[in-house]
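A.B. asks: Read in order, the letters of the sequence shown are residues 0 to 472 in numbering that gives the first Met the number 0.
The beta carbon of each residue, even a glycine, is placed where N, CA and C say it ideally should be.
I have a structure I would like to understand better, so I am pasting it below and will then ask my questions one at a time.
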Amino acid sequence: MAQFRSPSWNRLPFVVRLMVTATIALLVAGAAMLFFSARQDAEDARSDLAGQLQAERETLPAAVAEVVVIGDFSTLQQILDRYVGRQSMASIRFQDASGVTLESVDAPITPVAPAWFASWMDLADVSGTAAVVVGGHLYGEVALTLTAQGAVNRVWRRLLNHLAILALAIGIDFLGIWLVLRQGLAPLSRLQDGARALAEGDMAKRIAPEGSPEMRRLITAFNDMAEATQRSQDRLVRARDDAEIASKAKSKFLSSMSHELRTPLNSILGFAQVLDFDRRQPLNADQKVSVDHIMRAGQQLLELIEQVLDLARIESGRMTISIEDVVVDSAARECIQLTQPHADDQDITVLNEIDPRMAVRADWKCLRQVLLNLVSNGIKYNRKGGRLTLRSSPSGPGWGRISVIDTGEGIPEDLRDGLFEPFNRLGKEGSDVMGTGIGLTVSRELTEAMGGRIGYASAVGEGSTFWIELPLA
Ligand code: ADP
């Protein structure tokens, strides 16, 4: 049975496996049948020969008694010759009391079976003697030999006939299996074509049910599956189209809304500034605080709107990105310049350790925007003062890393999951630090749009390092 579990057996075609198994079954059954029937034939032949010998020993003395008594040896010879012509009688010899011997020997039967067969069948010649006694007087003795050759030939011929029948049965079995399976399995290759067409995207492919009931059921199941796949694909395509339409509508709404908000907001901020700096009507302390609040809230709102606009532009695919060789140092200097007043306000020393020769494949505006977000955060979330360092380093073959390292508060545990998701600024409500919760989301989107990666490491109370990695120019 080991071979039926072996992988090579399982790789053989179904037809071959069926033929081999059926042939083995037929051969085993046929061989057993032939063996036992040959043994039975030999057994029968042995007992026939023994019975015949016994019968001859009983009848022969009586048949020759009369001619033996009168001493008619020529008639006796004729009788012996007649007996020898009978079935299986190989030789008869008569010897009288005075030593006269008459003998008749039959022509030997030509053997048709090989010698091993006779010895395997255990079929040998049998001999015996019978005394010719008349009126209590012993006239002589007949010795008989019966040959087993005829029986051996008969058993052998029967065996050959049975072998021929077995070979015929195997032949019919082969032909039958091949014909049945060839016809029966033909729909399988159509199923195979159908499955391939389905895999290549031809969802309309169906197969006409035909063949045996099992095949029809299989083909019907395949058609049902194809139907279901087509339906679910149609549903998916519709859902994708709907989602795309909804996303575009959302982005459009966001950007129109942001535009609408920006104009009045700018004028509020402008007027607040005028109020603050126009010394014609000096403001009292309370009024100054109120103007301060208006300015801060307005600035925060404006920043939020700018970033929502950026995000909407990226998500709707309206953001055009042109990748070129960008010298990181120049982008870094510009960021530092823009954020220097805030850094000074908060007693933060900004260090530029960017290698002036480092150039990356990036979009200049996007890179500057990302660095600006990271540097602003590094200053914003460092109220105790300290250092902010921009540093460049290699990062694997062909990649460069730009790190923004601060000595600030670090990122609290509850913010770390989904830090780059929009509005992830839990616990910051009521915080006096101005933030929108979108800066990091925009930074990630921009970095990935340039084909780069973004990440961070942080320890609460010690500071954070935000980095971006981009292909080197
Ligand atoms: P925000 O406008 O609030 O800064 P961001 O998306 O830029 O929005 O940042 C999300 C949050 O991540 C921030 O509110 C802040 O809690 C935290 N964070 C970002 N950068 C730093 C940093 N350098 N140090 C500490 N916390 C930071």
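Would you tell me roughly how many angstroms separate the C-alpha atoms of Ile176 and Asp105, rounded to the nearest one?
C.D. replies: Whole-angstrom Cα-Cα distance: 53 Å.
A.B. asks: Return the chain-ordered list of same chain residues with a C-beta closer than 6 Å to the C-beta of Leu373, the five sequence neighbours on each side being excluded.
C.D. replies: Contacts found: Val403, Phe465.
A.B. asks: Is Phe465 a contact residue of the ligand ADP, with contact defined as CB to any heavy atom under 7 Å?
C.D. replies: Checking every heavy atom of the ligand ADP against the Cβ of Phe465, one is found closer than 7 Å.
A.B. asks: Tell me the DSSP bridge mates of Trp466?
C.D. replies: DSSP, once it has assigned bridges, lists Ser402, Gly454 as partnering Trp466.
A.B. asks: Can you look up Leu425 in the DSSP assignment and give me helix, strand or coil?
C.D. replies: At Leu425 the pLDDT is 46, less than 50, meaning the model places this residue with poor confidence; the figure from the coordinates comes in the next sentence. Looking at Leu425 - three-state DSSP - the assignment turns out to be coil, as it is neither helix nor strand.
A.B. asks: Does Ser321 pass the burial test, meaning 16 or more other C-beta atoms within 10 Å, or should it be called exposed?
C.D. replies: Looking at its Cβ environment, which holds fewer than 16 other Cβ atoms inside 10 Å, Ser321 is exposed.
A.B. asks: Less than 8 Å between the C-beta atoms of Ile91 and Leu79, yes or no?
C.D. replies: Contact flag set, yes.
A.B. asks: With distances taken from CA atoms, which of Thr348, Leu184, Ala227 is nearest Val14?
C.D. replies: Closest by alpha carbon: Leu184.
A.B. asks: In angstroms, rounded to a whole number, what distance separates the CA positions of Leu350 and Gly200?
C.D. replies: Going by the C-alpha atoms only, they are around 57 Å apart.
A.B. asks: Looking only at its own chain, which residues have a Cβ that is under 8 Å from the Cβ of Ile108, when we skip the five neighbours before and after it?
C.D. replies: For Ile108, where only same-chain residues beyond five positions count, the Cβ hits under 8 Å are Thr146, Gln148, Gly149, Asn152.
A.B. asks: If you check the beta carbons only, do Ile467 and Ile401 fall under 8 Å apart?
C.D. replies: Yes, Cβ-Cβ distance for Ile467 and Ile401 is below 8 Å.
A.B. asks: Name, in chain order, the residues that DSSP records as bridge partners for Asn351.
C.D. replies: Paired residue(s): Leu389.
A.B. asks: Who does Ala142 pair with in a DSSP beta bridge?
C.D. replies: Per DSSP, Arg92, Thr128.
A.B. asks: Going along the chain, which residues of its own chain have a beta-carbon closer than 6 Å to the beta-carbon of Ile353, five neighbours each way excluded?
C.D. replies: So the qualifying residues of the chain are Val327, Asp328, Ala331, Leu389, Ser391.
A.B. asks: Do Ala44 and Val154 have their C-beta atoms within less than 8 Å of each other?
C.D. replies: Going by C-beta atoms, Ala44 is nearer than 8 Å to Val154.
A.B. asks: Are the beta-carbon atoms of Gly219 and Leu197 separated by less than 8 Å?
C.D. replies: Going by the sequence as given, residue 219 is Thr instead of Gly. No. Outside cutoff.
A.B. asks: Mapping the DSSP letters down to three states, classify Met0 as helix, strand or coil.
C.D. replies: Note on Met0: pLDDT 45, under 50, position unreliable in the model; no value is reported.
A.B. asks: Can you round the beta-carbon distance between Ala472 and Val359 to whole angstroms, since I take them to be within the 8 Å contact cut?
C.D. replies: Confirmed, Cβ separation roughly 6 Å.
A.B. asks: By DSSP, does Val290 sit in helix, in strand, or in coil?
C.D. replies: Looking at Val290 - three-state DSSP - the assignment turns out to be helix.
A.B. asks: Helix, strand or coil for Asp285 per DSSP?
C.D. replies: Helix at Asp285.
A.B. asks: For the pair the stretch 439-451 and the stretch 372-386, tell me if three or more CB-CB distances fall below 8 Å.
C.D. replies: Judged by Cβ distances under 8 Å, the stretch 439-451 makes contact with the stretch 372-386, as three or more pairs qualify.
A.B. asks: Spatial neighbours of Val66 within its chain, please: CB distance less than 6 Å, with the 5 preceding and 5 following residues excluded, ordered by chain position.
C.D. replies: Cβ within range, chain order: Thr74, Leu75.
A.B. asks: Buried or exposed, going by whether 16 or more other CB atoms sit within 10 Å of the CB of Asp40?
C.D. replies: Answer is buried; the Cβ neighbour count reaches 16.
A.B. asks: Phe422 to Gly434, Cα distance in whole Å?
C.D. replies: Spanning the two alpha carbons is a distance of roughly 9 Å.
A.B. asks: Could you pull the start and end residues of the alpha helix (DSSP H) that Val27 belongs to?
C.D. replies: It spans 13-69 - the alpha helix (DSSP H) in which Val27 sits, taken as one unbroken run.
A.B. asks: Let's see if you can read the secondary structure: which residues bound the beta strand (DSSP E) around Leu101?
C.D. replies: Unbroken beta strand (DSSP E) run through Leu101: 100-104.
A.B. asks: I need the straight-line Cα distance from Gln77 to Ala129, nearest angstrom please.
C.D. replies: Those two C-alpha atoms are separated by around 19 Å.
A.B. asks: Answer with buried or exposed for Ala456, where buried requires no fewer than 16 other C-beta atoms within 10 angstroms of its C-beta.
C.D. replies: Exposed: under 16 other Cβ atoms inside 10 Å.
A.B. asks: Mind checking whether Met294 and Ala311 have CB atoms under 8 Å apart?
C.D. replies: Cβ distance not < 8 Å, so Met294 and Ala311 don't count as in contact.
A.B. asks: Determine, for Leu310, whether the minimum Cβ-Cβ distance to residues of chain C falls below 8 Å.
C.D. replies: The displayed structure is made up of one protein chain only, and chain C is not part of it.
A.B. asks: Is the distance from the Cβ of Gly210 to the Cβ of Pro186 below 8 Å?
C.D. replies: A contact, by the Cβ cut-off of 8 Å.
A.B. asks: The ligand ADP and Leu300: does the residue's C-beta get closer than 7 Å to at least one heavy atom of that ligand?
C.D. replies: No.
A.B. asks: Following a CB-centred definition, is Lys379 positioned closer than 7 Å to any heavy atom of the ligand ADP?
C.D. replies: Yes, since a heavy atom of the ligand ADP falls inside the 7 Å radius drawn around the Cβ of Lys379.
A.B. asks: On a CA-only basis, which of Arg157, Leu418, Arg16 is nearest Gly454? Give me that one, please.
C.D. replies: The shortest Cα separation from Gly454 among Arg157, Leu418, Arg16 belongs to Leu418.
A.B. asks: Taking the continuous alpha helix (DSSP H) assigned at Arg81, which residues delimit it?
C.D. replies: 72-83 is the extent of the alpha helix (DSSP H) around Arg81.
A.B. asks: Verify whether the separation of the beta carbon atoms of Gln339 and Gly384 is less than 8 Å.
C.D. replies: Result no, Cβ atoms of Gln339 and Gly384 do not sit closer than 8 Å.
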